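Protein chains in written order, with full-length UniProt numbering: chain A, 1 to 282; chain B, 1 to 282; chain C, 1 to 282; chain D, 1 to 282; chain E, 1 to 282; chain F, 1 to 282.
Yeah, the Cβ is synthetic: ideal placement off N, Cα and C, and Gly gets one too.
Treat the numbers as computed from the prediction; the structure is a model and nothing was measured.
Number of protein chains: 6
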Amino acid sequence: MDTARIGSNPEPQPELFYQATGSEVQLFEQADRFGMPVLIKGPTGCGKTRFIQHMAQRLGRKLYTVACHDDLTTADLVGRHLIGADGTFWQDGPLTRAVREGAICYLDEVIEARKDITVVLHPLADDRRILPLEATGEELQAAPGFMLVVSYNPGYRNLLKGLKPSTRQRFVAMSFDYPDAATESHIIQHESALDPARADQLVALGNAVRHLGQHDLEEAPSTRLLIHTARLIAAGMDPRQACEACMAQPLTDEPTAQAAIMDIVRLHFAEPGQVEARKKIA
Amino acid sequence: MDTARIGSNPEPQPELFYQATGSEVQLFEQADRFGMPVLIKGPTGCGKTRFIQHMAQRLGRKLYTVACHDDLTTADLVGRHLIGADGTFWQDGPLTRAVREGAICYLDEVIEARKDITVVLHPLADDRRILPLEATGEELQAAPGFMLVVSYNPGYRNLLKGLKPSTRQRFVAMSFDYPDAATESHIIQHESALDPARADQLVALGNAVRHLGQHDLEEAPSTRLLIHTARLIAAGMDPRQACEACMAQPLTDEPTAQAAIMDIVRLHFAEPGQVEARKKIA
Amino acid sequence: MDTARIGSNPEPQPELFYQATGSEVQLFEQADRFGMPVLIKGPTGCGKTRFIQHMAQRLGRKLYTVACHDDLTTADLVGRHLIGADGTFWQDGPLTRAVREGAICYLDEVIEARKDITVVLHPLADDRRILPLEATGEELQAAPGFMLVVSYNPGYRNLLKGLKPSTRQRFVAMSFDYPDAATESHIIQHESALDPARADQLVALGNAVRHLGQHDLEEAPSTRLLIHTARLIAAGMDPRQACEACMAQPLTDEPTAQAAIMDIVRLHFAEPGQVEARKKIA
Amino acid sequence: MDTARIGSNPEPQPELFYQATGSEVQLFEQADRFGMPVLIKGPTGCGKTRFIQHMAQRLGRKLYTVACHDDLTTADLVGRHLIGADGTFWQDGPLTRAVREGAICYLDEVIEARKDITVVLHPLADDRRILPLEATGEELQAAPGFMLVVSYNPGYRNLLKGLKPSTRQRFVAMSFDYPDAATESHIIQHESALDPARADQLVALGNAVRHLGQHDLEEAPSTRLLIHTARLIAAGMDPRQACEACMAQPLTDEPTAQAAIMDIVRLHFAEPGQVEARKKIA
Amino acid sequence: MDTARIGSNPEPQPELFYQATGSEVQLFEQADRFGMPVLIKGPTGCGKTRFIQHMAQRLGRKLYTVACHDDLTTADLVGRHLIGADGTFWQDGPLTRAVREGAICYLDEVIEARKDITVVLHPLADDRRILPLEATGEELQAAPGFMLVVSYNPGYRNLLKGLKPSTRQRFVAMSFDYPDAATESHIIQHESALDPARADQLVALGNAVRHLGQHDLEEAPSTRLLIHTARLIAAGMDPRQACEACMAQPLTDEPTAQAAIMDIVRLHFAEPGQVEARKKIA
Amino acid sequence: MDTARIGSNPEPQPELFYQATGSEVQLFEQADRFGMPVLIKGPTGCGKTRFIQHMAQRLGRKLYTVACHDDLTTADLVGRHLIGADGTFWQDGPLTRAVREGAICYLDEVIEARKDITVVLHPLADDRRILPLEATGEELQAAPGFMLVVSYNPGYRNLLKGLKPSTRQRFVAMSFDYPDAATESHIIQHESALDPARADQLVALGNAVRHLGQHDLEEAPSTRLLIHTARLIAAGMDPRQACEACMAQPLTDEPTAQAAIMDIVRLHFAEPGQVEARKKIA
């Protein structure tokens, strides 16, 4: 089968581009040194996942990433029994593999998970650093190098969900935000090969749209979204059309909010694209 | 077994009729070039599915279509273990097949799916382009040519559902609408062999009914519905009877709304059909 | 095993009695000719099921009937894996059998089904006429002669249920109602062997009860219910007693509504039956 | 194994005592003659189950009784696949056995069942008299003698439950109530061997408690409960003590309602029993 | 395996201490004589379980006890199919064992069970005394000596739960309460070896706390709780400390209610224990 | 497999540091002597888990710890059947192992468990000390030394959850709180090697934050959280930065509450750390 095992990294990977914006690298390294779990907060697409990929490379660790959701069961994390020719056998889940191998286990959008997930995390997230596998009767001691990292977006107001205080207080926490204008323009140029002038224009446009506020948009445009737009512009597409396809349409379904974004777009990119009346594709 | 595997396309298919109405083809090709996922919005029966079938033919890709619904599980998309003579074996789902083969995977009405579905999409819908198969421990890198396409109808006001911003911002998006009158008449003639004069009459009737608005109809009549009507008229059925069977009855159960539609029908098709009082079949 | 396979019809069946009341037969035949799915609306017991049995005989097709309900799963329609001596094997459900054999598949009370059911219907209900079997990876092209028919009763006001516009607009639709008095009397005489005079009396009584309206009865008496009553009268039972057992008691549990019905009964059938005070059996 | 198969009745049973109170026996026989299903309404413990046992004996049919509840699945009624040495095999449920053998299938408290249950009943409860077994692909024609009987208590006001009109209108219905005083005393004497004078006293007491009404008691005392009381009195227990143990305590947990019942008891049975203050056993 | 089968009682047990407080023993024996099921009501820890253990010894019957809860399934009571080397085999549950062996089956806190549980009880709780095993097709006639006993605490006001009248009216019912002061002191001395003076003090204290009423405590202190306290005092612990650990802390989390209890404690046990301010262990 | 069985403790462990703060050790030993179960209440991170680890070492018992949650099933505690080469076999859960081996079973955050869990605890938590295994038909008598310990945080106001009085009254209960300042400073110094002066500063800061109250913080900072902060300070991190990463960010997502905490931090640690404006990592 032509597939790689999760985290097996059989060959050297090119180093990922990561632009540090504070002391997040040092704090992560201290947490690692003391075996403390790390909690990263921040909005969509601001670089949380990229940061953790970067730290895994820097520390020389395998990385197991699990995107959390409502139906993720403890078994999805820890493992389960499967039926083979000789009866049931146990198959480790990604968390268990990370515990055995001393890897980083990253739970993305952890507050989307059901609360029972946080419970298997508790004995891993204090001085015990153990993972009880109730289904097999094992109790794993985490290998040196194991690190638990979780993230969520505090901007989503989910009254029913959230980490319990008894979970939160186990973590070292850091808060991410969008990069400053110069850094963001640098990132965009690196990822899209767009020229500096138009990258700056795009960052200014992005920040203008970010000021529209919550009553217009569910969430502000991310750095990732600006990179998408930059790629289409660098490929020769009309900037207004690129902004409609990568910014106005993905951000909202509301015609008035789309119009407000396109007004801002027209202020930043003067030459008009032909916006069709019947079928809008930008 | 006399059935074709999904997407196996063993023999050349006749080219599908598709009438482009803007730059949607070019935008789709750019998204494909950069490996970006595509989101298509638009009302029922306006040609979204046909467009994607057309693009799959044009790009020479296999197409896997999945109609989303509340009970679609991640396993339905990704695959599952089955029990065979020698124990369990793994069977790929349509998304996994598309990822392995470099095909297009189209998730129709994606907001009908549970939110956990969108989570397997995240690592496929950013620069990583990977599909972690938690149940087998594999992590697939998408083959070149793989493309993720999703669609939904923004006209359905579903307060509980909707794409999360962290999902939406990963997509290049385009918005479809009904074609203009000349294009729609052309499509109807092509699909039903109805004469141009009556096709034009039918389009005018369709647009008149579309102006009835939301307090009368849950959704406006689609191009597909006009094609149905045209086929029955072209087969010799009385136009009023065809309009009742293919338009008034499918659009609504409300007698007053049905009467409003039939009033409009009578304005466009003067010769009367015998509408029975006791059992209405139009 | 002394049982017939669904729809196998191994021997000629006597022709079912069906009294057409409009052009429903012709419309059904046109829909069949164009491979369009058919939607039949109408109240309880007005002859929808009988009509479809009749059309299946007339067109020489096998008929698969599925009564829909809340817990009907897609697997119940499409099929499922069972475990045999050599591991799992696939067993077709009734929809899949109809698709393979070119038969009629009739989903009775389709709005009782969960919405995920309607989704497997979509690719069968447009020009594609395909049934993707996600569990096996097959994609079936419907055999010639396959026809999808669904029905529901628009009189049930179910706010949570209903067909989505994207489903409705795929169907040719027709609306059934109770037959006119002469036809209904004819049907009753044919089915119960009651004499014409008392059959006419019974139809007049039925129509009088139908005028009681919704605040008295959840649903008006059906033709089927009048046939039941007629059979007991023809068998020699006192008409008032037959009307209480087959009409007043089945229609409602409310004493006042039962009394209102029995008042109408007494107006139509003058000779008194002995209604007991302590235990009412009519 | 020292157990009888359901309904196998290997040896003649003594005839059950049943005291008819109207023409219910004749109506049941007519419904049987025409193959019509029967619906019996009535309060707790008024003799519905005993009546059906009586009719099964009288008609010489096996009887399958199923007590319905929220979690009763269609498989519980129809059957299911079990896993044996050679893979799965099918095991009939009680409804399927009754259909094959021409027996009576009695669904007690049918409105407690989920609505999907009623759906397997529909094709059995009209002229088709068929039972489709979707899991095996069979379609059983009911053997001659098969009869479907259902019951419920209309006094329970369950807003969420109830039979749909499309179900109700398939049944011949009859309504049971408590027997009149002379009949009830006769039944009590027969079942408990209590002397006629005290049986009459007990019936008078029962009817007095039945007049307490719904704001005091959830449901009035049944004939069964009076038989219980009579047996303890006939065995020599003080009547007041027997009435508290078999009537006041089972009917309610409310001290005021218990006191109201005991006041009535003292009016009918003058000699006092020693009611203890600390632990009341009556 | 060093474990006893439920109810197998392979060797004579020492007779359990039980202090009768009324005619409960005689009523239970009458119910047994007539094969009637028994319902016992009463608050937490007043001796219901001990009474039934006592009656099982007295009548020479095995006892199967099942603690009921929300997730107890019918299969937990009746039995289920397990998979062995030769396919599935049936394993009796505790209710089925009691029915086969003529034992007592005691369902503790029966209103915690789902209502479907009560349904398997119905045919066992009337004259039929049968247990239909739908999964195997058996219908068991209860062996002589089988007795069904259920209990609940009427003090819990659970609006959603409760026995249906059709269930309640099948039982002979008795109501338990706390013993009178002399009896309770006797029980405490017997179970804890505390001296009579301090046992009397403890009973007086318990009754004083019982008068605090419902707005202070969810439920009054049980005899069992007084025994716990007595054991620690008899072992030499300061009475105030024992009362805090066994009475104030278990009864409530509310500081004001704990303080109210400790005020009463100090009135009954004059010599002060050192109550720490920082960590209260009493 | 390189893992230890739960509780097998194959080699001597270094003695855990535990600072007693009252007579909790003596009370625990008395409860153990009488076989009484123990309930420990207290806020997050105040030392409950450490205390139980300490007592297990002191009493020379194995310790089985189960973190409770909504989806913990009885089978997770008691055991379940697995399928092996020769059919199903039974595997003990942690509670069953503790019962067989005479170990301590500790259920952490027991009110998070579903109520059915508490039911398997009842016969273990009174004089019977038995564990009925309904799935196997066994009834285990707890080995000498078995001890049941549960804990929860009474500060979480969960209206839907909570121990039933019939459960609570079976336990000897003790209440934990944060240690006094001298003890807490001693614990911090022992666990982090921070110097006494700054440990005292940190305890003063922690107590100041604890006075912010519930309208600012969901729960006050725990001793564990202060230890985390102390470790980073002892490792050379700026105290303000350490306090933001280990205290302000983990305690809350609210900017105003974070600012309030940081104001208090600045009052206790005068030298300023460079707090970045764009990305806060503290």
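Check your understanding: Roughly how many whole angstroms lie between the Cα atoms of threonine 136 of chain D and tryptophan 90 of chain D?
Key -> Straight-line Cα distance between these residues: approximately 8 angstroms.
Review point. Residues of chain F with a CB under 9 angstroms from the CB of glutamine 30 of chain E: which are they?
Key: Under the 9 angstroms cutoff, chain F gives no residues; its nearest Cβ is about 28 angstroms from glutamine 30 of chain E.
Practice item. Can you give me the Cβ contacts of phenylalanine 17 of chain F inside the same chain, cut-off strictly under 7 angstroms, excluding the 5 residues immediately before and after it? Key: When the five nearest sequence neighbours on each side are left out, the beta carbons in the same chain lying within less than 7 angstroms of the beta carbon of phenylalanine 17 of chain F are those of His190, in order along the chain.
Review point. Does the beta-carbon distance from leucine 95 of chain E to valine 120 of chain E come in below 9 angstroms?
Key: Going by C-beta atoms, leucine 95 of chain E is nearer than 9 angstroms to valine 120 of chain E.
**Study point:** Below-9 angstroms beta-carbon distance, valine 119 of chain E vs any chain G residue
**Key:** No chain G is present in this structure, whose protein chains are A, B, C, D, E and F.
**Study point:** Within 9 angstroms, strictly: CB atoms of leucine 226 of chain D and isoleucine 264 of chain D
**Key:** For leucine 226 of chain D and isoleucine 264 of chain D, no; Cβs fall outside 9 angstroms.
Check your understanding: With a cut-off of 9 angstroms, does the C-beta of residue 338 of chain F fall near any C-beta of chain E?
Key -> Chain F is shown only over 1 to 282; residue 338 of chain F falls outside these bounds and no answer can be derived.
Review point. Which residues in chain E sit within 7 angstroms of leucine 82 of chain D, going by Cβ to Cβ distance?
Key: Neighbours of leucine 82 of chain D on chain E, chain order: His81 and Thr88.
Check your understanding: Leaving out the 5 sequence neighbours to the left and right, which residues in its chain are closer than 6 angstroms to alanine 173 of chain B when beta-carbon positions are compared?
Key -> Exclusion of the five residues before and after alanine 173 of chain B leaves Leu39 as the residues of its chain whose Cβ lies within less than 6 angstroms of its Cβ.
**Study point:** alpha helix (DSSP H) segment containing leucine 205 of chain C, residue limits
**Key:** From DSSP, the alpha helix (DSSP H) with leucine 205 of chain C extends over 196–210.
Point to revise | The alpha helix (DSSP H) enclosing glutamine 184 of chain A, as first and last residue numbers | key: For the record, residue 184 of chain A in the displayed sequence is glutamate; it is not glutamine. From DSSP, the alpha helix (DSSP H) with glutamate 184 of chain A extends over 181–192.
Check your understanding: Which residue from A:Gln201, A:Glu109 and A:Ser175 puts its Cα closest to that of valine 25 of chain A?
Key -> Residue A:Ser175 holds the alpha-carbon nearest to the alpha-carbon of valine 25 of chain A among A:Gln201, A:Glu109 and A:Ser175.
Check your understanding: Hey, does threonine 73 of chain B have any beta-carbon neighbour from chain A nearer than 9 angstroms?
Key -> The beta carbon of threonine 73 of chain B falls within 9 angstroms of a beta carbon belonging to chain A, placing the residue at that interface.
Practice item. Could you check the C-alpha separation between aspartate 32 of chain D and alanine 56 of chain D for me, to the nearest Å? Key: For aspartate 32 of chain D and alanine 56 of chain D, the distance between alpha carbons rounds to 11 angstroms.
Exercise for review: Go ahead and pull the three-state DSSP assignment for proline 272 of chain D.
Suggested key: The predicted model places proline 272 of chain D with a pLDDT of 48, which falls under 50 and marks its position as unreliable; any figure quoted below should be read in that light. Here proline 272 of chain D sits in coil by DSSP.
Review point. Just the Cα atoms here: how many angstroms apart are glutamate 254 of chain F and isoleucine 187 of chain B?
Key: C-alpha separation (whole angstroms): 56 angstroms.
Practice item. Spatial neighbours of threonine 74 of chain C within its chain, please: CB distance less than 7 angstroms, with the 5 preceding and 5 following residues excluded, ordered by chain position. Key: Asp116, Ile117 and Val120, listed in sequence order.
**Study point:** Amino acids of chain D, ordered along the chain, whose beta-carbon sits closer than 9 angstroms to that of residue 346 of chain E
**Key:** Beyond the ends of chain E as shown, which are 1 and 282, falls residue 346 of chain E; an answer cannot be given.
Practice item. Give, in chain order, every unbroken run of the beta strand (DSSP E) that is at least 3 residues long and sits entirely within the UniProt domain "ATPase dynein-related AAA" (37–171) of chain F. Key: DSSP runs (the beta strand (DSSP E)) wholly in the UniProt domain "ATPase dynein-related AAA" (37–171) of chain F: 38–41, 63–67, 79–84, 87–92, 104–108, 130–133, 138–141 and 147–152.
Review point. Can you tell me the Cα-Cα spacing of proline 221 of chain A and glutamine 169 of chain B, whole angstroms?
Key: For the pair proline 221 of chain A and glutamine 169 of chain B, the Cα-to-Cα distance works out to about 7 angstroms.
Review point. With 16 as the cutoff for other CB atoms within 10 Å, does leucine 267 of chain F come out buried or exposed?
Key: Under a 10 Å Cβ-count criterion, leucine 267 of chain F is classified as exposed, with fewer than 16 other Cβ atoms of the shown protein chains found around its own Cβ.
**Study point:** Burial state of residue 322 of chain A (16 or more Cβ within 10 Å)
**Key:** With chain A covering 1 to 282 only, the question about residue 322 of chain A has no answer from this structure.
Review point. Apart from the five residues on each side of it in sequence, which residues of its chain come closer than 6 angstroms, Cβ to Cβ, to alanine 20 of chain C?
Key: Excluding positions up to five away in sequence, the list is empty.
Practice item. Anything in the segment 128–140 of chain C with a Cβ closer than 7 angstroms to a Cβ of chain B? List those residues in chain order, please. Key: Listed by position along the chain: Pro132, Glu134, Gly137, Glu138, Glu139 and Leu140.
Exercise for review: For the alpha helix (DSSP H) holding glutamate 29 of chain A, just list the boundary residues, first then last.
Suggested key: In the DSSP annotation of this structure, the continuous segment of the alpha helix (DSSP H) that includes glutamate 29 of chain A starts and ends at 24–33.
Check your understanding: What did DSSP end up calling alanine 235 of chain A once you bin it into helix, strand or coil?
Key -> Coil.
Review point. What is the C-beta distance between histidine 81 of chain E and leucine 133 of chain D, in whole angstroms, given that I count them as a contact (C-beta under 8 angstroms)?
Key: Contact doesn't hold; Cβ gap of about 20 angstroms is too wide.
Review point. Along chain F, which residues have their Cβ under 7 angstroms away from the Cβ of arginine 58 of chain A?
Key: Within chain F, no residue has its CB atom less than 7 angstroms from the CB of arginine 58 of chain A, the nearest being about 16 angstroms off.
**Study point:** Chain-order list of residues whose beta-carbon lies under 8 angstroms from that of histidine 69 of chain A (same chain, five-residue window excluded)
**Key:** Closer than 8 angstroms at Cβ, skipping near neighbours: Glu109, Glu112 and Ala113.
Check your understanding: When the cut-off is 9 angstroms and only beta carbons count, does aspartate 193 of chain A lie next to chain B?
Key -> It should be pointed out that residue 193 of chain A corresponds to alanine in this sequence rather than to aspartate. Under the Cβ criterion of 9 angstroms, alanine 193 of chain A is not counted among the residues facing chain B.
Check your understanding: Just the Cα atoms here: how many angstroms apart are alanine 230 of chain F and leucine 217 of chain F?
Key -> Answer to the nearest angstrom: the Cα atoms are 21 angstroms apart.
**Study point:** Cα-Cα separation between methionine 262 of chain F and isoleucine 104 of chain F, rounded to whole angstroms
**Key:** So the alpha carbons of these two residues sit roughly 42 angstroms apart.
Practice item. Let me know the secondary structure DSSP gives alanine 248 of chain E once reduced to three states. Key: If DSSP states are grouped into helix, strand and coil, alanine 248 of chain E belongs with the helices.
Review point. Under three-state DSSP, which class holds alanine 173 of chain F?
Key: In the structure shown, alanine 173 of chain F sits in a strand (DSSP, three-state: E or B).
Check your understanding: Whose CA, out of B:Ala242, B:Thr256, B:Gly22 and B:Gly45, lies closest to the CA of glutamine 30 of chain C?
Key -> If we check each option's Cα against that of glutamine 30 of chain C, B:Ala242 comes out closest.
Check your understanding: By a C-beta neighbour count over all protein chains shown, 10 Å radius and 16 as the cutoff for buried, is alanine 181 of chain E buried or exposed?
Key -> It counts as exposed.
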